[in-house]
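Student:
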Amino acid sequence: MAKNLEFKGQFQSLDGLYPKLADLNATRHETVHQIDTYFYVGSSGQQSVASIVKKSEACEPRLKLREAKGWSEGWLIYYERPNQDGSRYSQYQLCEIADPGSLKGLLTVALGVKTIVKKQREVWMFNHTRIHLDTVADLGQFVELETVFRGQTEAEAIREHQHVKAVLHLDAVDPIAVSYSDLIMQKA
Numbered sequence: 000m001a002k003n004l005e006f007k008g009q010f011q012s013l014d015g016l017y018p019k020l021a022d023l024n025a026t027r028h029e030t031v032h033q034i035d036t037y038f039y040v041g042s043s044g045q046q047s048v049a050s051i052v053k054k055s056e057a058c059e060p061r062l063k064l065r066e067a068k069g070w071s072e073g074w075l076i077y078y079e080r081p082n083q084d085g086s087r088y089s090q091y092q093l094c095e096i097a098d099p100g101s102l103k104g105l106l107t108v109a110l111g112v113k114t115i116v117k118k119q120r121e122v123w124m125f126n127h128t129r130i131h132l133d134t135v136a137d138l139g140q141f142v143e144l145e146t147v148f149r150g151q152t153e154a155e156a157i158r159e160h161q162h163v164k165a166v167l168h169l170d171a172v173d174p175i176a177v178s179y180s181d182l183i184m185q186k187a
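Note that the sequence shown covers residues 0 to 187 in numbering that gives the first Met the number 0.
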């Protein structure tokens with residue numbers, strides 16, 4: 000599975016991040032309206048991130064189908080990440096889906112829908128780090144970093160991740176330990 004280093008924090012307003020993104024020399028990639036449908040999943044019998052980390056940091060595996068306005072295809076995303084504050088490792092698998100509507104129907108019947116997350120995501124890039132400025136329906140505004148390990152060593156990825164956090168002053172932000180799906184379900 001692919002691996003990245005992630006951070007998520009909530010903001011009252013994302014407006015203050017734009018000058019910092021300019022200081023970072025990040026590049027604006029796109030703005031997209033996404034719908035993530037999360038499905039119930041069980042353990043697969045394979046060793047997971049959750050079985051490796053301490054019990055207090057363990058998490059359940061997650062499976063979501065991502066659709067976006069203007070996209071004909073979707074993405075099926077499976078990931079495992081500990082629920083812990085601050086930056087944390089995530090392992091994930093992506094699969095492009097030509098007919099997301101049909102797959103959503105099948106997965107709904109087979110697994111059941113856990114929750115749905117709707118968001119507007121503004122995607123910025125800095126080297127191997129995706130910077131997401133998210134406005135999530137019923138939750139508010141968030142910044143999310145995903146520093147991908149592909150094409151660099153783990154030490155280089157960690158340095159880049161810490162650099163982005165420092166320039167954006169994210170150490171002053173209360174980190175969010177869980178996924179948007181967990182936050183939506185906590186509100187229900």
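The beta-carbon is built from N, C-alpha and C at its ideal position, and this holds for glycine as well.
1. Just how far apart, CA to CA, sit residue 173 and residue 8?
2. Since I believe residue 63 is in contact with residue 91 (beta carbons under 8 Å), could you give me their beta-carbon distance rounded to a whole number of angstroms?
3. Do residue 76 and residue 138 have their C-beta atoms within less than 8 Å of each other?
4. Might you give, ordered along the chain, the residues of its own chain that have their beta carbon closer than 7 Å to the beta carbon of residue 114, omitting 5 neighbours on each side?
5. Determine the contact status of residue 150 and residue 127, defining contact as a CB-CB distance below 8 Å.
6. Can the beta-carbon of residue 23 be found closer than 8 Å to that of residue 163?
7. Mapping the DSSP letters down to three states, classify residue 154 as helix, strand or coil.
8. If you count every other CB in all the chains shown that lies within 10 Å of the CB of residue 118, and 16 or more means buried, which is it?
9. How many angstroms separate the CA atom of residue 110 from the CA atom of residue 41?
10. Taking the alpha-carbon of residue 6 as reference, which of 107, 100 and 132 has the nearest alpha-carbon?
11. Apart from the five residues just before and just after residue 1, which ones in its own chain have a Cβ nearer than 6 Å to its Cβ?
12. Using a Cβ-Cβ cutoff of less than 6 Å, which residues in the same chain neighbour residue 34 once the five nearest sequence positions on both sides are dropped?
13. Taking C-alpha atoms, which residue in 157, 125 and 152 lies nearest to residue 26?
14. Quick check: the Cα distance between residue 13 and residue 121, rounded to an integer number of angstroms?
Tutor: Quick look at the numbers:
1. Residue numbering aside, residue 173 sits at position 174 when the sequence shown is read from its first letter. Residue numbering aside, residue 8 sits at position 9 when the sequence shown is read from its first letter. Computed Cα separation, rounded: 6 Å.
2. Working through the sequence shown from its first residue, we reach residue 91 at position 92. Working through the sequence shown from its first residue, we reach residue 63 at position 64. That belief does not hold up - the Cβ atoms of residue 91 and residue 63 are roughly 10 Å apart, past 8 Å.
3. Your numbering for residue 76 matches position 77 in the sequence shown. Your numbering for residue 138 matches position 139 in the sequence shown. Taking 8 Å as the Cβ cut-off, residue 76 and residue 138 do not qualify as a contacting pair.
4. The sequence position of residue 114 within the sequence shown is 115, counting from 1. The residues are 37, 180, 183 and 184.
5. Locating residue 150 in the sequence shown gives position 151, where the first residue counts as 1. Locating residue 127 in the sequence shown gives position 128, where the first residue counts as 1. The answer is yes: Cβ separation under 8 Å.
6. Sequence index remark: in the sequence shown, residue 23 carries index 24 (1-based). Sequence index remark: in the sequence shown, residue 163 carries index 164 (1-based). Their beta carbons are under 8 Å apart, which means residue 23 touches residue 163 by this criterion.
7. Here residue 154 refers to the residue found at position 155 of the sequence shown. Helix at residue 154.
8. The residue you call residue 118 lines up with position 119 of the sequence shown. Label assigned to residue 118: buried.
9. Translated into positions along the sequence shown, residue 110 becomes position 111. Translated into positions along the sequence shown, residue 41 becomes position 42. Their Cα atoms are separated by approximately 9 Å.
10. As a first step, residue 6 is located in the sequence shown; it is residue number 7 there, counting from the start. Residue 132 is the option with its Cα nearest to residue 6.
11. Residue mapping note: residue 1 aligns to position 2 of the sequence shown, counting from 1. Closer than 6 Å at Cβ, skipping near neighbours: 91.
12. Along the sequence shown, one-based indexing puts residue 34 at 35. Exclusion of the five residues before and after residue 34 leaves 66 and 117 as the residues of its chain whose Cβ lies within less than 6 Å of its Cβ.
13. In the sequence shown, residue 26 corresponds to position 27, counting from 1. Considering only alpha carbons, the answer is 125.
14. Along the sequence shown, read from residue 1 onward, the residue named residue 13 stands at position 14. Along the sequence shown, read from residue 1 onward, the residue named residue 121 stands at position 122. Rounded to the nearest angstrom, the two C-alpha atoms are 11 Å apart.
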